[in-house]
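Asks: Questions regarding the structure given below will be posed in turn.
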Amino acid sequence: MKNTIYREELSAAGISSKTIMGALDCCLIRLCRGVYSVIRECQVRDHSRIAAFIRDADWISFHVDKSPSDLKRDFRYQTQLRALRIQSYRWYRPEDVIVGKSAAVLHGIPLYKDASKAITVRHPRSNSHTEEIIRVRREVPTEDQVRFGHLAATSAIRTALDLIRISGQREAFAALEWVLRQTTAAQFPGFNPKFGYTEKFQTEARRIIETAFYPAVARMRSGQVTAQRMVDAIGPFSESPAESHCRFNLIALHLTGFEQQIEVRDSRGFIARVDFLNEQTRTILAVDGSEKYALVGPSLIRKEGEQHNRLLSLGYKVIHLSFDEVLSLSDFRDKIFRQAPELK
Numbered sequence: 001m002k003n004t005i006y007r008e009e010l011s012a013a014g015i016s017s018k019t020i021m022g023a024l025d026c027c028l029i030r031l032c033r034g035v036y037s038v039i040r041e042c043q044v045r046d047h048s049r050i051a052a053f054i055r056d057a058d059w060i061s062f063h064v065d066k067s068p069s070d071l072k073r074d075f076r077y078q079t080q081l082r083a084l085r086i087q088s089y090r091w092y093r094p095e096d097v098i099v100g101k102s103a104a105v106l107h108g109i110p111l112y113k114d115a116s117k118a119i120t121v122r123h124p125r126s127n128s129h130t131e132e133i134i135r136v137r138r139e140v141p142t143e144d145q146v147r148f149g150h151l152a153a154t155s156a157i158r159t160a161l162d163l164i165r166i167s168g169q170r171e172a173f174a175a176l177e178w179v180l181r182q183t184t185a186a187q188f189p190g191f192n193p194k195f196g197y198t199e200k201f202q203t204e205a206r207r208i209i210e211t212a213f214y215p216a217v218a219r220m221r222s223g224q225v226t227a228q229r230m231v232d233a234i235g236p237f238s239e240s241p242a243e244s245h246c247r248f249n250l251i252a253l254h255l256t257g258f259e260q261q262i263e264v265r266d267s268r269g270f271i272a273r274v275d276f277l278n279e280q281t282r283t284i285l286a287v288d289g290s291e292k293y294a295l296v297g298p299s300l301i302r303k304e305g306e307q308h309n310r311l312l313s314l315g316y317k318v319i320h321l322s323f324d325e326v327l328s329l330s331d332f333r334d335k336i337f338r339q340a341p342e343l344k
């Protein structure tokens with residue numbers, strides 16, 4: 001997988017420590033102690049024997065014409081690399097359970113600007129702390145564990161709940177909504193958001209909250225009140241973390257009446273499916289930077305263009321929000337109330 005190779009394999013092939021060091025960030029990257037990944041078919045003569053360990057051609061193709069700085073700025077690549085490091089680490093102990101942000105990476109839960117590097121695990125009897133792994137003595141209920149091959153980790157639901165304590169309520173809320181949405185969508189084979197949402201989608205999400213989220217909250221040793229309040233508030237309709245942050249702000253400001261993923265039509269037919277709509281005040285919130293699935297193009301609403309003009313002609317007020325604005329409650333509040341004072 002991803003041309004993963006162990007130090008012993010390199011040594012057995014006659015590749016010296018000096019050659020390995022010279023190949024780092026050239027055709028080889030270090031995942032963790034004693035574990036590497038071949039990322040390029042190198043033309044340097046001393047590195048030629050490393051190419052014999054290439055088994056994943058797609059991984060090599062991905063790195064073509066990409067500089068170290070390009071890769072460092074690639075959020076998805078860095079997340080994938082971190083997951084590979086967690087999966088490749090060789091010194092887990094029996095009964096280790098991967099938790100926290102490390103478990104979030106394995107589940108694919110989006111984390112915003114996460115700079116943590118050490119793997120976090122829980123163990124029923126051991127504490128230890130190294131540069132590569134932080135082990136805390138605490139048991140994880142069996143019901144809250146899942147397997148990733150030979151590794152144990154907290155379930156996606158329990159991981160999102162743990163993020164309340166680790167990352168704060170805002171990021172945890174986005175994580176909880178992401179997990180709920182993914183779990184709900186998995187119950188509908190072939191689900192495609194561009195075709196909208198049925199009432200069954202909401203009903204299924206509610207069932208999952210009651211049968212999976214609530215029991216996980218009940219098993220928490222602390223923080224149950226906050227976790228219960230947050231789980232009561234989540235929904236399955238946020239199509240990106242940015243939309244979850246927007247929902248979090250609306251709840252924090254006690255702004256009610258907004259519905260998500262609402263189709264707006266006029267006498268000519270479909271105009272757009274909007275992120276948030278408050279019909280009473282005729283206010284639309286358009287969260288920029290989120291993935292959208294419009295039936296009439298790749299972007300639902302633009303400040304200029306036919307869609308926007310048709311919405312205005314119906315009396316709607318459209319407020320565009322950047323990702324940075326939804327991350328800041330004060331910036332969000334100021335912009336919302338400045339452009340739609342009737343919401344106060």
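According to full-length UniProt numbering, the sequence shown is numbered sequentially starting from 1. Idealized CB from N, CA, C, for every residue including glycine.
#1: Report yes or no: do three or more beta-carbon pairs, one from the segment 134-149 and one from the segment 102-122, lie closer than 8 Å?
#2: Thinking C-alpha only, which one of Phe-323, Ile-336, Gly-149 is nearest Lys-113?
#3: On the criterion of 16 or more Cβ atoms from any shown chain inside 10 Å, does Pro-124 qualify as buried, or is it exposed?
#4: Please specify which runs of the beta strand (DSSP E), each continuous and at least 3 residues long, are wholly inside the segment 14-88, giving them in chain order.
#5: Could you tell me the alpha carbon to alpha carbon distance between Gly-149 and Ala-103, rounded to whole angstroms?
#6: Verify whether the separation of the beta carbon atoms of Ser-244 and Ala-152 is less than 7 Å.
#7: Identify, in the order they occur along the chain, each residue of the same chain with its Cβ nearer than 8 Å to the Cβ of Glu-325, setting aside the five sequence neighbours on each side.
#8: Under a three-way DSSP split, which group does Val-140 fall into?
#9: Along the chain, which unbroken stretches of the beta strand (DSSP E) at least 3 residues long are found entirely within the segment 234-288?
#10: Less than 7 Å between the beta carbons of Glu-263 and Arg-273, yes or no?
#11: Tell me which same chain residues have a C-beta within less than 6 Å of the C-beta of Val-296, skipping the five on either side of it?
#12: Considering only the beta carbon of each residue, do Ile-49 and Ala-23 sit closer than 7 Å?
#13: Compare the C-alpha of Asp-275 against each of Thr-142, Cys-246, Arg-268 and name the closest.
#14: So, helix, strand or coil for Leu-314, using DSSP?
#15: Fully enclosed by the segment 171-229, which beta strand (DSSP E) runs are 3 residues long or longer?
#16: Compute the distance between the beta-carbons of Asp-144 and Ser-155, then report whether it is under 7 Å.
#17: Could you give the C-beta distance for Asp-226 and Ile-164, rounded to a whole number, given that I count them as a contact under 8 Å?
#18: Measuring CA to CA, which of Ser-16, Asp-25, Thr-19, Arg-30 is closest to Ile-5?
#19: Among residues of its own chain, excluding the 5 on either side of Leu-343, which ones have a beta-carbon nearer than 7 Å to its beta-carbon?
#20: Just reading off the alpha helix (DSSP H) that residue 359 is part of, what are its end residues?
#21: Would you grab the beta carbon distance between Asp-288 and Leu-314 for me? Rounded to a whole angstrom, and I think it's under 8 Å.
#22: Tell me which residue opens and which closes the beta strand (DSSP E) that Val-121 is part of.
#23: With 16 other CB atoms within 10 Å as the buried threshold, where does Trp-91 fall?
#24: Using DSSP with H/G/I as helix, E/B as strand and the rest coil, what is Arg-90?
#25: Pick out whichever of Ile-39, Asp-58, Ser-61 has its Cα sitting closest to the Cα of Ala-51.
#26: Would you please state the rounded distance, in angstroms, between the beta carbons of Cys-32 and Ser-88? I believe it to be under 8 Å.
#27: Let's test the definition: count the other Cβ atoms within 10 Å of the Cβ of Ser-238 and tell me whether it reaches 16, buried, or not, exposed.
#28: Using the rule of at least 16 other Cβ atoms within 10 Å of the residue's Cβ for burial, across every protein chain shown, is Thr-211 buried or exposed?
#29: Shortest alpha-carbon distance to Gly-223 belongs to which of Arg-93, Ile-86, Ala-172?
#30: When DSSP builds the beta bridges, which residues end up paired with Tyr-6?
#31: Might you give, ordered along the chain, the residues of its own chain that have their beta carbon closer than 7 Å to the beta carbon of Val-217, omitting 5 neighbours on each side?
#32: Using a C-beta cutoff of 7 Å, does Leu-250 count as contacting chain B?
#33: Using 8 Å for Cβ pairs, my map puts Tyr-77 next to Leu-71. What's the rounded Cβ distance?
#34: Helix, strand or coil for Ala-103? Go by DSSP, reduced to three states.
#35: For Phe-248, which option in Glu-204, Ile-208, Leu-327 has the closest C-alpha, if you only look at C-alpha atoms?
#36: How about Asp-58 and Lys-2: do their beta carbons lie closer than 7 Å?
Replies: The answer reads as follows:
#1: yes
#2: Phe-323
#3: exposed
#4: 28-32, 35-38
#5: 14 Å
#6: no
#7: Asp-331, Phe-332, Lys-335
#8: Val-140: coil per DSSP, three-state reduction.
#9: Listed in chain order, the beta strand (DSSP E) elements of length 3 or more contained wholly in the segment 234-288 are 258-266, 269-278, 283-287.
#10: yes
#11: No answer about Val-296 holds up, because its pLDDT of 38 lies below 50 and its placement is not dependable.
#12: The sequence given here has Arg at residue 49, not Ile. Contact: no.
#13: Per the C-alpha coordinates, the member of Thr-142, Cys-246, Arg-268 positioned closest to Asp-275 is Cys-246.
#14: Three-state result, Leu-314: coil.
#15: none
#16: yes
#17: Reading off the sequence, residue 226 comes out as Thr, not Asp. About 6 Å separates the two Cβ atoms, so the contact holds.
#18: Arg-30
#19: Leu-255, Thr-281, Thr-283, Ile-336, Phe-337
#20: Since the first residue shown for the chain is 1 and the last is 344, residue 359 is missing from the structure and cannot be characterised.
#21: So it is not a contact: roughly 21 Å between Cβ atoms.
#22: 119-123
#23: exposed
#24: If DSSP states are grouped into helix, strand and coil, Arg-90 belongs with coil.
#25: Of Ile-39, Asp-58, Ser-61, the residue nearest in Cα terms is Ile-39.
#26: 6 Å
#27: Here Ser-238 is buried. Its C-beta has 16 or more other C-beta atoms within 10 Å.
#28: exposed
#29: Ala-172
#30: Val-35
#31: Leu-161, Gln-224, Ala-227, Gln-228, Val-231
#32: Looking at the structure shown, chain B is missing, and only one protein chain is on hand.
#33: Sure, about 6 Å apart at Cβ, within 8 Å.
#34: helix
#35: Leu-327
#36: no
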